[in-house]
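Here UniProt numbering is used: position 51 in the sequence shown is 51, and no number is missing along the way. Scroll down for the structure; my scribbles are underneath it.
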Amino acid sequence: DAAFSLTPGTVSQPVRTLYGWHLIKVENTVSGNAIDDRQGLAMARQALDQQRQAQATAAALQRLRAASKIERVAER
């Protein structure tokens, strides 16, 4: 909340987090677009689908490497 209440060019009072004490300086702000719940849910589903696909691809590649005999020969 401390970061979002500041205006550009200002520095916050010390803010405590799990990682210690911090000062927050806002140099610039950019307004974003508000999304409704339906759009947010669709974006979250898409992100989860992409994450699951990446995990499945990595697991499949690992299985293929484990099942293969790969011999590397140095070029002469």
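Think of the CB as a built atom: it goes at the ideal place given N, C-alpha and C, for glycine as much as any other residue. Note that the structure is a prediction, hence the values are computed from the model and not measured.
- Scanning the region 19 to 63 for uninterrupted beta strand (DSSP E) segments of 3 residues or longer gives 20 to 22, listed from N- to C-terminal end.
- According to the DSSP assignment, R16 belongs to the beta strand (DSSP E) that extends over 15 to 17.
- In the DSSP assignment, V11 is bridged to K25.
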